[in-house]
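Comments concern the structure below.
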Amino acid sequence: MADDAQTPDSPTARDYRETVFLPETPFPMRGGLPQKEPLILEQWGDLYSTLRAARHAEGAPLYVLHDGPPYANGDIHIGHALNKTLKDFVVRSRFLLGYDVDFVPGWDCHGLPIEWKIEERYRAQGKRKDEVSKAEFRAACREYAAGWIEVQKAQFLRLGITGDFANRYATMDYGSEAAIVKEFHKFKNSGQLYRGSKPVMWSPVERTALADAEIEYHDHVSPTIWVKFPVIAATDDHPDDLLAFRHQTPAVVIWTTTPWTIPANRAISYGPEIAYGLYEVQSMEQGLEFEPWAKQGDRLILADKLAEEVFKAAKIATWTRLDDLNPSGLVCAHPLAELDDGYRFNVPLLDGDHVTDDAGTGFVHTAPGHGADDYDVWKAHGHHEVPDTVDPDGAYYPSVPLFAGLKVLETEGKKTGKFGSANPAVIEKLIEAGTLLARGRLEHSYPHSWRSKAPVIFRNTPQWFIRMDKALDHADGATLRETALTAIDQTDFHPAAGKNRIRSMVEGRPDWLISRQRAWGTPLAMFVDKHTGHPLHDPEVDARIVAAIEEGGADAWYTRADSDFLGLHDPANYEKIEDILDVWFDSGCTHAFALETRDPAHGYTGDRPSHWPANLYLEGSDQHRGWFQSNLLEGSGTRGRAPYDAVLTHGFTQDENGEKMSKSRGNTTDPAVVIKESGADILRLWVALVDYAEDQRIGKQILQTTVDAYRKLRNTVRYLLGALADFDEAERVAYADMPPLERFILHRLWELDLQVRGAYETYRFQDVVRPVLEFCAGDLSALYFDIRKDSLYCDRPDAIRRRAARTVMHEVFLRLTAWLAPLTPFTMEEAWTTRYPEGGTNCARVIPETPAEWQNPDEAARWAKVDVVLSVVNDSLEAARRDKIIGSSLDAHVRVRVLDASILDAFEGLEAADVFRTSTSEFRKDWPVGGPDEPGLGARLVDVELFRIESPKCARSWRRVPDVGSDPAYPDLSARDADAVRWWDAKHGA
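Sequence positions in the sequence shown follow our numbering and run 20 to 1009.
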């Protein structure tokens, strides 16, 4: 049927528009999602509880998705929206596939960011943190976190997230804190916990140790220095005149980017496989604007491979290599020994595998209190005393000669995180001592706190660790590392590359550092024997601690008397540990109190069952070193396996240009703004369309593309609703009576149903929405709807062709609204309730079963051949319209010639004119003069000729067919249309 604006060839006394069965639906073309979605949310109420109750009553199989807790600090950002939407896709799709789904949203509440906010609040009141009681400070932190939980909860709900928000978990809940302490006690009592004094990454700005997962690397400019350590002793296997008075005293040269660690130097490390030489300076570069620190006659010990680079840095023009030199057995003086007796100690040379000749001098300045390798090589050579030179604020202790009180890093004011006065002071003293050879600057990757963004330092400090390589009692002698690696191999990863990533991290990670020197967190609630240094192992003490925290939260540990916990033990003999647990240990325990306690296998009998382990954990790819790993280690250390069967990771969201988002750059996309302007379904559709496994991009142009895709989906659903007005089961046509086109569309439904189910099962949401979009735009809009438009509008309602079309459209509607319900739930709910106002929520449906008889590869093969002809016909029609030969395709008669008989056979049983959307058509087997090889035709299989029809136009359907006027009662209608109008007139008493 042509455009409504067109009119018949000759005037008629009757307007047939009222007899045409045009689509009717209240479902609007424009979504109006920002206004409509809140109303749908109100209608849903506690949707999750409704769905769970129904599935639980049905005995549906249980699926558990455990929520990695976001931090309760600030509004949600686009990363939150991506993450929670993907989780909602999992939850809703599992409901759609017939499961009962356990998903309890949670929040991570402890830690530094909230402490900072509260400290800022007190500073604004003119108070320092140490002027406020720990109880008051913790109460303020708790109140702050609770407020943001409610804000983020509302924002997640507006996004359409379904979950057990009514029973949400938070790491700061009293029960959670008690459970975390109980998990900590398992490590304590198994012997995996120990206190060690070793260098750890320390944030002076935050005054706490940091774990690997809390570190990120940024480019940073550091001062570099080459320093001479004078040789003062050598074993007999060295040359006799090495230390002869007639020569300059030779010096081992080191290179470092941390001048501030020179006061902590206790040794020099060398590589046993590196070739070293003794070099003598012959001359210096001329014409310099400054006097170099090197002098003619200086004797320097260097790695041969790096000697030339060192001479260049020191402005040495010529030199002589005097001899090979083995560093073993050399003893040096500290480079500051001439300035203060506090540095008058021997500096031995130690062989170490960590030393290379890739850069520097081939020697490594070794400060065992400020580097992991330094510490290890110092201990490996039998040394035990590790000097403490830098305090928690990043300043030298008063005992450090020459530099007492100087800061390595600034921790307050506008210069927070910048290098302090320590580096320049050390360099000046080295110059004064005559031991500085050269200096420079280097831009390199340097560790920073991921929270404060400030540089960190390695600092020797007593901390609590969990051993990675001690045999576990419950793991048949396997260590925590071995148990975790086995668990990784038993876990499914989506994408698969995640397995290698987390495996390599666990293989090489150090012991798990779990203590922090802060106030807001779960305490390492234990007592340590002052005489032995060992934690107290007493089940009754542990039970009293857990019970007190269960009743009053972690505050009970700090406010109640030690005797309340120790019972018969004398408090004077025990040290009470007041450090808090690393927040990763906190969140690593969530499986224990959010899942395991509701597992029927552990005695749970309520109506919110879960099971341990979870089916899936889903977070960003950075959580291989964070939440995935902390849960892996906690579960492996206490239960012998990971608390999950599968792990799914997503990438990070960038702006449209692939740049990292930053508020300062103004290139962020605020999910609240997108929802306000376009609706949550637009944001959700964007998530569905992207390849979440990689980094994604978002911005105004990309969102506009998403809006365009949404309109196609919406218009498809709207057309179906209009075409299905008043459809009921009495109208249904059996499959055996379906025309070929309907059988093809049902076959496509069968194919898509298989594809959609498989994609949802394996979390490939892009492989749901993209094929469905292509189906809507191609098979439906461009083919099926266009072909059947004439039948829907103009056939009489009881005609089998029209009934068959509406039967198929009914099946399409049932599946589209189900398939897309997890992805665009608001729109599909609106569509479903428009058609079935009393049909309950669309969210409670499962995918309808698709009859096996719909599978019809023969029909698919037929329509593939039909499409070959149709594409040629469409091109010809478009050219004829462009050349004004015809006004619409209904003005055309198409003559088709084909060489391939199978293509001709494909049209058997089809009304070709319907397929071509023309009034008439014919097929011919004779080829035009010259055959298929005639110039211009090439090797085409199809040839099309097009003619303008001069037959009269039907006043109702506008088709030009020979039988217009064949019914005397309706002289301006075709026979088909006359029959339909006669039916309409009889129904309406005309």
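Even glycine gets a Cβ: it sits at the ideal position worked out from N, Cα and C.
Residue nearest to residue i in terms of C-alpha spacing, selected from the options
i       : options                           : result
Gly390  : Arg563, Asp377 and Pro466         : Pro466
Ala899  : Val963, Ser921 and Ala880         : Val963
Asp86   : Ile721, Ala591 and Val109         : Val109
Asn345  : Thr385, Glu299 and Gly290         : Gly290
Pro841  : Leu81, Phe40, Arg660 and Leu105   : Leu105
Lys247  : Ala189, Ala333 and Asp65          : Ala333
Asp372  : Thr380, Asp395, Ile904 and Pro387 : Asp395
Tyr236  : Val888, Lys448, Arg458 and Met220 : Met220
Asp710  : Val787, Ala691 and Val736         : Val787
Glu196  : Trp126, Ala173, Arg177 and Gly179 : Trp126
Gly296  : Asn284, Ile320 and Gly130         : Ile320
His384  : Lys324, Thr243 and Leu504         : Thr243
Phe612  : Cys351, Ser629, Ala294 and Met847 : Ser629
Ile1013 : Ala252, Ala473 and Ile59          : Outside the shown range of the chain (20 to 1009) lies residue 1013, about which nothing can therefore be said.
Ala863  : Ser68, Asn875 and Arg627          : Ser68
Bounding residues of the alpha helix (DSSP H) (the contiguous stretch that carries residue i)
i       : result
Tyr394  : Ala391 to Ala399
Glu785  : The identity of residue 785 in the sequence shown is Gln, whereas the question assumes Glu. From DSSP, the alpha helix (DSSP H) with Gln785 extends over Gln785 to Glu793.
Ile137  : Leu131 to Ala143
Asn365  : Note, Asn365: premise wrong, no alpha helix (DSSP H); beta strand (DSSP E) at Asn365 to Asp370.
His257  : No alpha helix (DSSP H) contains His257, which DSSP labels as neither H nor E.
His204  : Tyr193 to Ser209
Met1086 : For the chain, the structure presents residues 20 to 1009; residue 1086 sits outside this window and is missing.
Leu635  : Per DSSP, Leu635 belongs to no alpha helix (DSSP H); it is in the beta strand (DSSP E), Leu635 to Gly639.
Interface flag, residue i vs chain C, CB-CB below 8 Å
i      : result
Ala707 : The chain labelled as chain C is not found in the depicted structure, where only one protein chain is given.
Limits of the beta strand (DSSP E) - the one that residue i falls within
i      : result
Lys595 : Tyr593 to Lys595
Ala228 : Thr227 to Leu229
Ala911 : Ala911 to Val917
Ile320 : Arg318 to Ala322
Residue i CB to nearest heavy atom of the ligand NAP below 7 Å
i      : result
Lys972 : In the structure shown, the ligand NAP is absent, as is every other ligand, since no ligand is present at all.
Cutoff 7 Å; reference residue i; Cβ partners in own chain excluding five residues on either side
i       : result
Trp993  : In the sequence as presented, Trp is not what sits at residue 993; that position holds Ser. Answer for Ser993: Cys973, Ser976, Arg978, Val980, Asp982 and Val983, listed in chain order.
Ala24   : Low confidence applies here, because Ala24 scores a pLDDT of 36, under 50, leaving its location unreliable; read the following figure in that light. Nothing listed; no residue qualifies.
Gly401  : none
Lys1006 : none
Trp63   : Thr860
Val39   : Tyr812, Cys813 and Arg975
Ala356  : Tyr362 and Arg363
Leu956  : Only weak support exists for where Leu956 lies, its pLDDT of 39 falling under 50; the coordinates are left without a value.
Leu726  : Note that residue 726 is Val in the sequence shown, not Leu. So the qualifying residues of the chain are Ser697 and Ile701.
Arg33   : none
Whether residue i touches residue j by CB criterion (8 Å)
i      : j      : result
Pro223 : Gly413 : yes
Val419 : Thr408 : yes
Thr668 : Leu600 : no
Tyr415 : Ala441 : yes
Phe845 : Ala988 : no
Ile819 : Asp747 : no
Arg825 : Ala742 : yes
Ala850 : Phe46  : yes
Arg767 : Asp998 : no
Glu134 : Cys160 : yes
Own chain, CB closer than 6 Å to residue i, minus 5 neighbours either side, in chain order
i      : result
Glu451 : none
Asp8   : The structure shown does not extend to residue 8, since the chain spans only 20 to 1009, so no value can be given for it.
Glu594 : Val547 and Lys549
Tyr577 : Lys153
Pro42  : Gly741 and Ala742
Neighbourhood of residue i by C-beta, 8 Å cutoff - its chain only, sequence neighbours within 5 removed
i      : result
Pro954 : Annotation note: pLDDT 42 at Pro954 (below 50); position unreliable, coordinate value reported separately. Closer than 8 Å at Cβ, skipping near neighbours: no residue.
Leu771 : Pro790, Val791, Phe794, Arg834 and Trp838
Ser921 : Lys884
Thr339 : Tyr298, Glu299 and Gln301
Buried or exposed (CB count within 10 angstroms, at least 16 for buried), residue i
i      : result
Tyr855 : exposed
Pro124 : buried
Ala516 : exposed
Asp809 : buried
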